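These notes are about the structure you will find just below.
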Amino acid sequence: MARNKIALIGSGMIGGTLAHLIGLKELGDVVLFDIADGTPQGKALDIAESSPVDGFDVRLKGANDYSAIEGADVCIVTAGVPRKPGMSRDDLLEINLKVMEQVGAGIAKYAPDAFVICITNPLDAMVWALQKFSGMPKNKVVGMAGVLDSSRFRYFLAEEFKVSVEDVTAFVLGGHGDTMVPLARYSTVAGIPLTDLVDMGWVTKDRLEEIIQRTRDGGAEIVGLLKTGSAYYAPAASAVVMAESYLKDKKRVLPCAAYLSGQYGVNDMYVGVPTVIGAEGIERIIEIELNSAEQKAFDKSVESVAGLCEACRKIAPSL
Ligand code: TXD
Numbered sequence: 001m002a003r004n005k006i007a008l009i010g011s012g013m014i015g016g017t018l019a020h021l022i023g024l025k026e027l028g029d030v031v032l033f034d035i036a037d038g039t040p041q042g043k044a045l046d047i048a049e050s051s052p053v054d055g056f057d058v059r060l061k062g063a064n065d066y067s068a069i070e071g072a073d074v075c076i077v078t079a080g081v082p083r084k085p086g087m088s089r090d091d092l093l094e095i096n097l098k099v100m101e102q103v104g105a106g107i108a109k110y111a112p113d114a115f116v117i118c119i120t121n122p123l124d125a126m127v128w129a130l131q132k133f134s135g136m137p138k139n140k141v142v143g144m145a146g147v148l149d150s151s152r153f154r155y156f157l158a159e160e161f162k163v164s165v166e167d168v169t170a171f172v173l174g175g176h177g178d179t180m181v182p183l184a185r186y187s188t189v190a191g192i193p194l195t196d197l198v199d200m201g202w203v204t205k206d207r208l209e210e211i212i213q214r215t216r217d218g219g220a221e222i223v224g225l226l227k228t229g230s231a232y233y234a235p236a237a238s239a240v241v242m243a244e245s246y247l248k249d250k251k252r253v254l255p256c257a258a259y260l261s262g263q264y265g266v267n268d269m270y271v272g273v274p275t276v277i278g279a280e281g282i283e284r285i286i287e288i289e290l291n292s293a294e295q296k297a298f299d300k301s302v303e304s305v306a307g308l309c310e311a312c313r314k315i316a317p318s319l
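Okay, so the sequence shown: first residue is 1 according to the UniProt record's numbering, each after it adds one.
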């Protein structure tokens, strides 16, 4: 049985971390692709040289030519420019839109059957553009943000309550950015909703609001600390979980930026919603009831994603 092939389009901080995690988990052979000469080759060789120590059998290869990704089962896209301090995700739009055009063409030519996970920011607009540029099926092109945002929320809650991160679940809806919508009543500690934990005196409403705001600002907090780039360990781990659910047909329920055609009243846009990922890609979009405050926050988030898509259309009218 042939091994899975995973192509990483972009071999920067997230790309390199992805390659290492995929190796350690033996998820498949890895091709690191980048326009920078030597970076993907160097990272592939460095990680391959760690494989005898950690005992994993995975082939790793670096390339500057799209032909190297031929037949990939999964493509994870991080190509582009990351945020610098003071820069918003939207500032990246113009540069990264051009990158998505090239990446879309490369994947469509060499790996048209792949499951494509886009990470490049501004996420909801870039994954939308990538799907259009590539012309690939909408259920096979998805954006990573919700797994990361909810993981940050889970971590902050576990710290607050002094319980294991394993027992905290969190639910985040909407676009990746300042308008994301963490949902307290669908986030739990061992099944107990946060709203009940407020009633039980575990946390005050105000403190919970602070944690929610920290989650919204989670990306900026890391950018402010690192100063030279954005987060990469947690984003890479989040994308690997999505790739694994696809390759192993696990049907995990994961919040992802998925193409909406009427769900949640949204059309022709990618927005973060709960999905089921299995061998068919995005197999299901789960629609939950929102109360009026949640709906309002969600609508605001959708509006900001719509603004980004509009800005993309101005730059690339073919979209
Ligand atoms: O939740 C999320 N979705 C995110 C998104 C969380 C964190 C970071 N997020 C975004 O991921 C971030 O704003 C960036 O847009 C991407 C990648 O972040 P990373 O930290 O890996 O950026 P790097 O280290 O700068 O790597 C980008 C690489 C770099 O090696 C460039 O040479 C390469 O992309 N690059 C390209 N590769 C292929 N083709 C083209 N055109 C290209 N342009 C740049």
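Quick reminder that beta carbons are idealized off the backbone N, C-alpha and C, glycines included. These numbers were taken from a predicted model, which means no experiment stands behind them.
Give a yes or no on whether the C-beta atoms belonging to residue 181 and residue 172 are separated by under 8 Å. Counted from its first residue, the sequence shown places residue 181 at position 181. Counted from its first residue, the sequence shown places residue 172 at position 172. Cβ distance < 8 Å, so residue 181 and residue 172 count as in contact.
Note down, one range per segment and in chain order, each beta strand (DSSP E) of at least 3 residues found wholly within the stretch 88-120. 115-118
N- and C-terminal bounds of the beta strand (DSSP E) containing residue 37: Reading the sequence shown from its first residue, position 37 is the one you call residue 37. That residue, residue 37, is in no beta strand (DSSP E); it is neither H nor E in DSSP.
According to DSSP, residues forming a beta bridge with residue 8: Position 8 of the sequence shown, counted from the start, is the residue given in the question as residue 8. Its beta-bridge partners are 32 and 76.
Of the residues 196, 159, 212 and 106, which one's Cα is nearest the Cα of residue 178? Locating residue 178 in the sequence shown gives position 178, counting from the first residue. Nearest C-alpha to residue 178: 212.
Where the beta strand (DSSP E) through residue 261 begins and ends: In the sequence shown, counting from the first residue as 1, residue 261 sits at position 261. 252-261 is the span of the beta strand (DSSP E), which, as asked, contains residue 261.
Please report how far the alpha carbon of residue 161 lies from the alpha carbon of residue 188, in whole angstroms. Taking the first residue of the sequence shown as position 1, residue 161 is located at position 161. Taking the first residue of the sequence shown as position 1, residue 188 is located at position 188. Taking the straight line joining both Cα atoms gives about 11 Å.
Would you mind stating whether residue 136 and residue 239 have Cβ atoms separated by less than 8 Å? Locating residue 136 in the sequence shown gives position 136, where the first residue counts as 1. Locating residue 239 in the sequence shown gives position 239, where the first residue counts as 1. Result no, Cβ atoms of residue 136 and residue 239 do not sit closer than 8 Å.
When you compare the stretch 146-155 with the stretch 192-208, are there three or more beta-carbon pairs, one atom per stretch, that lie closer than 8 Å? no
Could you round the C-beta distance between residue 323 and residue 117 to whole angstroms and report it? I think they count as a contact, below 8 Å. Residue 323 lies beyond the residue range present for the chain, which begins at 1 and ends at 319; the question has no answer from this structure.
Got a sec, what are the start and stop residues for the alpha helix (DSSP H) residue 246 sits in? Residue mapping note: residue 246 aligns to position 246 of the sequence shown, counting from 1. Residue 246 -> alpha helix (DSSP H) spans 233-247.
Looking at the structure shown, is residue 183 part of a helix, part of a strand, or coil, going by DSSP? Against the sequence shown, residue 183 aligns to sequence position 183. If DSSP states are grouped into helix, strand and coil, residue 183 belongs with coil.
Rounded to whole angstroms, what is the Cα-Cα separation between residue 214 and residue 220? The count along the sequence shown starts at 1 and reaches residue 214 at position 214. The count along the sequence shown starts at 1 and reaches residue 220 at position 220. Rounded to the nearest angstrom, the two C-alpha atoms are 9 Å apart.
State the start and end residues of the unbroken beta strand (DSSP E) segment that holds residue 270. Counted from its first residue, the sequence shown places residue 270 at position 270. Run containing residue 270: 267-278, per the beta strand (DSSP E) assignment.
With which residues is residue 193 paired in a DSSP beta bridge? If you number the sequence shown from 1, residue 193 lands on position 193. Paired residue(s): 188.
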